[in-house]
Amino acid sequence: MPRRHRARQEPRTGRRAQRPKDVLHGPRGHRGDAFRCLGCRRDVPVRALGTAHRNHCPYCLTSRHVDGRAPGDRGEECRAPMDALTLAVRDDGEWLLIHRCRACGTLKANRPAGDDHPLALIRLALRPLADPGLAHLTGVVPGT
Amino acid sequence: MSDHLTTDRTDPTTAFDCPSCGTSSAGGPRDHCPQCLHTRHRDSADPCGAPMAPLAVAVHGPGDWRLIHRCTACATLTSAPVRADDHQVALMALAVRPLAQPPFPLGLLGRI
Ligand SMILES: [Zn+2]
Ligand SMILES: [Zn+2]
Ligand SMILES: [Zn+2]
Ligand SMILES: [Zn+2]
Chain H
1 MPRRHRARQE PRTGRRAQRP KDVLHGPRGH RGDAFRCLGC RRDVPVRALG TAHRNHCPYC
61 LTSRHVDGRA PGDRGEECRA PMDALTLAVR DDGEWLLIHR CRACGTLKAN RPAGDDHPLA
121 LIRLALRPLA DPGLAHLTGV VPGT
Chain A
1 MSDHLTTDRT DPTTAFDCPS CGTSSAGGPR DHCPQCLHTR HRDSADPCGA PMAPLAVAVH
61 GPGDWRLIHR CTACATLTSA PVRADDHQVA LMALAVRPLA QPPFPLGLLG RI
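Top to bottom, those sequences are chains H and A. Last residue of the first sequence: 144 in UniProt numbering, with the numbers rising by one and none dropped. Last residue of the second sequence: 112 in UniProt numbering, with the numbers rising by one and none dropped.
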């Protein structure tokens, strides 16, 4: 992926050129009304149904590590893709999407958006059940 | 709380004292209580020492089940491998929760 600003080497001093001050803090490839998903490369409109702040792709659910402690604060330097890892259920019954950063392993909980693809969510919900991990742990392997 | 923070969870002779149900479990190293799956916030950039509740089960890779915990005080999320002697029904209950409580009627999927 092309970087917006490459770190330049000053030939004389060997010191790194100062970063320009006009760095946009939106996602790379941000064109105002859409962003290119880091997971499936689709163009995703920024405006989402039922959420003020879209933070993941409605097709493949991939997000990006840009927020620090508070949602939407953009206080994180990592900027690597975050894969949808699993789903959780809040006390009030709402689903929570758990993302995991591909680079640093940070976990984040996000509310699904109203236009997230239901099949993508269901596929995620089925993952633990489809995996033989628990069977291996308990020694109960199907078919044995 | 401070003795929990300084407990070395990699020491197999150290029992895990659950901050939620109070069970003391030997047979370490242990990340969490094998009975109720709770733990204490010790492993992350900014551990606060408060109890952490089990939030979800995740698959990091084939055969690699993880327990996702959320800190009851600071909301930090962590993950740890599940163990063979973790409460199997409690793990399965967590794993099926999203499907047992879908936020939209699953019958709707037939029309997509
Ligand atoms: Zn995508
Ligand atoms: Zn990251
Ligand atoms: Zn317990
Ligand atoms: Zn905490």
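All residues carry an ideal CB built from backbone N, CA and C; glycine is no exception. Computed from a prediction, not measured in an experiment: that's the story for all the values here.
Per DSSP, the bridge partner or partners of residue i
i	result
A/Leu67	A/Val57 and A/Ala80
A/Phe16	A/Ser25
H/Asn55	DSSP, once it has assigned bridges, lists no residue as partnering H/Asn55.
H/Arg64	H/Pro81
A/Arg51	With the sequence shown as reference, residue 51 of chain A is identified as Pro, and Arg is not the correct amino acid for it. The partner list for A/Pro51 (beta bridge, DSSP) reads A/Arg40.
Residue i classed as buried or exposed, judged by whether at least 16 other C-beta atoms fall within 10 angstroms
i	result
A/Ser79	buried
H/Pro112	buried
A/His41	buried
H/Asp131	buried
H/Phe35	buried
A/Pro98	buried
A/Ser24	exposed
H/Leu61	buried
H/Arg90	exposed
H/Ala120	buried
H/Ala84	buried
Unbroken alpha helix (DSSP H) run spanning residue i, endpoints
i	result
H/Pro45	Premise fails: H/Pro45 lies in the beta strand (DSSP E), Asp43 to Pro45, not in any alpha helix (DSSP H).
residue 145 of chain H	A query on residue 145 of chain H cannot be resolved here, the shown segment of chain H reaching from 1 to 144 and no further.
Other residues of its chain near residue i: CB distance less than 8 Å, five sequence neighbours each side excluded
i	result
A/Cys21	Cys33, Gln35, Cys36 and His38
A/His60	Arg66 and Ser79
H/Asp67	Asn55, Asp73, Arg74, Gly75, Glu76 and Lys108
A/Asp64	Pro81
H/Asp43	Ala34, Phe35, Arg36 and Cys37
H/Ile122	none
A/Ile68	Pro54, Leu55, Ala56, Val57, Ala58, Leu77, Thr78 and Ser79
A/Leu91	Leu37, Val57, Trp65, Leu67 and Val82
Near ligand 5: residue i beta-carbon under 7 Å from a heavy atom
i	result
H/Cys40	Among the ligands in the structure shown, ligand 5 does not appear; only ligand 1, ligand 2, ligand 3 and ligand 4 can be found there.
Where the beta strand (DSSP E) containing residue i begins and where it ends
i	result
H/Pro81	Pro81 to Val89
H/Arg36	Ala34 to Arg36
H/Arg100	Trp95 to Cys101
A/Leu94	From DSSP, A/Leu94 is part of no beta strand (DSSP E) but of the alpha helix (DSSP H) over Gln88 to Ala100.
H/Ala109	Leu107 to Asn110
Cβ-Cβ separation, residue j to residue i (assumed contact under 8 Å), whole Å
i	j	result
H/Val88	A/Leu55	It should be noted that the sequence gives Ala, not Val, for residue 88 of chain H. The Cβ separation is near 5 Å, so the contact holds.
A/Thr72	A/Ala100	Between A/Ala100 and A/Thr72 the Cβ distance is about 23 Å, and since that is not below 8 Å, they are no contact.
A/Pro103	H/Glu94	6 Å
A/Gly28	A/Thr14	6 Å
Cβ shell of residue i (< 6 Å), same chain only, five flanking positions each side left out
i	result
A/Asp86	Pro34
H/Ala80	His65, Cys101, Arg102 and Ala103
H/Ala125	Leu87
H/Gly105	none
residue 155 of chain A	Chain A is shown only over 1 to 112; residue 155 of chain A falls outside these bounds and no answer can be derived.
A/Ala95	Val57
Chain-order list of residues whose beta-carbon lies under 7 Å from that of residue i (same chain, five-residue window excluded)
i	result
A/Ala93	none
A/Asp43	Thr78
A/Leu106	none
H/His25	Interpretation of H/His25 is limited by its pLDDT of 38, a score under 50 that renders its predicted location unreliable; the figure taken from the coordinates is listed afterwards. Around H/His25: Arg74.
H/Val46	Asp33, Ala34, Phe35 and Arg54
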